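Going letter by letter, the sequence shown gives residues 9 to 119 in our numbering.
Written out below as structure tokens is the structure these notes cover.
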Amino acid sequence: MNQLSSKLNLKSVLGPLKRYLEDQYQDRLSKIVLFGSYARQEATKDSDVDVLIVLKDPVDASAEINRTSEFIAQLCLEHNLLISRLFLPQSRYETENSPLLHNIRKEGILL
């Protein structure tokens, strides 16, 4: 995937995703962070789009995955890519020091 088409495609995915999440979660939404290969500009044609969604506590991650599945599936089909979501409560994002969260804080791009 060339850089230009990757950037254009990513913008056309992240814009609607951000608007949808802002609409769905309103004041509960703390931040949306792009991480992984797209954030590092190392994405290939087989890369998924990794997105961390931080919500104010409490968060039931599996319920949030289910809640957003229909919209995400449609977006994936429209753009021929896979979007991986990770939902976390704000308290965990702020305090946990796992390798994954360390990398997200270091390399992630706030949307």
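Glycine included, each C-beta is placed from N, C-alpha and C at the ideal position.
What you are looking at is a predicted structure, and each value in this text was computed from that prediction instead of being measured.
**Prompt:** Where does S77 sit, in a helix, a strand or coil, going by DSSP?
**Reply:** Here residue 77 corresponds to residue number 69 of the sequence shown, with the count starting at 1. Here S77 sits in helix by DSSP.
**Request:** Would you identify the three-state DSSP class for L96, choosing helix, strand or coil?
**Result:** Taking the sequence shown and counting its residues from 1, the one referred to as residue 96 is at position 88. Residue state, collapsed to three classes: strand.
**Message:** Whole angstroms are fine: how far does the CA of D35 sit from the CA of I91?
**Reply:** In the sequence shown, residue 91 corresponds to position 83, counting from 1. In the sequence shown, residue 35 corresponds to position 27, counting from 1. C-alpha separation (whole angstroms): 23 Å.
**Item:** Local conformation of L60 per DSSP, three classes
**Value:** What you label residue 60 is simply residue 52 of the sequence shown in a count that begins at 1. Residue state, collapsed to three classes: strand.
**Message:** I'd like to know whether the C-beta atoms of F95 and I112 end up nearer to each other than 8 Å.
**Reply:** Here residue 95 refers to the residue found at position 87 when the sequence shown is read from its first residue. Here residue 112 refers to the residue found at position 104 when the sequence shown is read from its first residue. It is not a contact, given that the beta carbons lie outside the stated cut-off.
**Prompt:** Quick one: any contact between the region 65–82 and the region 40–47, if contact means 3 or more CB pairs under 8 Å?
**Reply:** no
**Request:** Round the Cβ separation of I61 and I40 to the nearest angstrom and send it over; I've been treating them as touching at under 8 Å.
**Result:** As a first step, residue 61 is located in the sequence shown; it is residue number 53 there, counting from the start. As a first step, residue 40 is located in the sequence shown; it is residue number 32 there, counting from the start. That belief holds up - the Cβ atoms of I61 and I40 are roughly 6 Å apart, short of 8 Å.
**Prompt:** Going by beta carbon distance, what residues of the same chain come within less than 7 Å of K26, once the five residues before and after it are set aside?
**Reply:** For the purposes of this step, residue 26 is identified with residue 18 of the sequence shown, where counting begins at 1. So the qualifying residues of the chain are I40, L119.
**Asked** For S38, does the three-state DSSP call read helix, strand or coil?
**Response** As a first step, residue 38 is located in the sequence shown; it is residue number 30 there, counting from the start. Here S38 sits in strand by DSSP.
**Asked** If we count the other Cβ atoms within 10 Å of its Cβ and call it buried at 16 or more, is G116 buried or exposed?
**Response** Taking the first residue of the sequence shown as position 1, residue 116 is located at position 108. That one is buried.
**Item:** Between the CA atoms of V21 and L83 - distance to the nearest angstrom
**Value:** As a first step, residue 83 must be located in the sequence shown, where it is residue number 75. As a first step, residue 21 must be located in the sequence shown, where it is residue number 13. Each residue's Cα considered, the two are about 7 Å apart.
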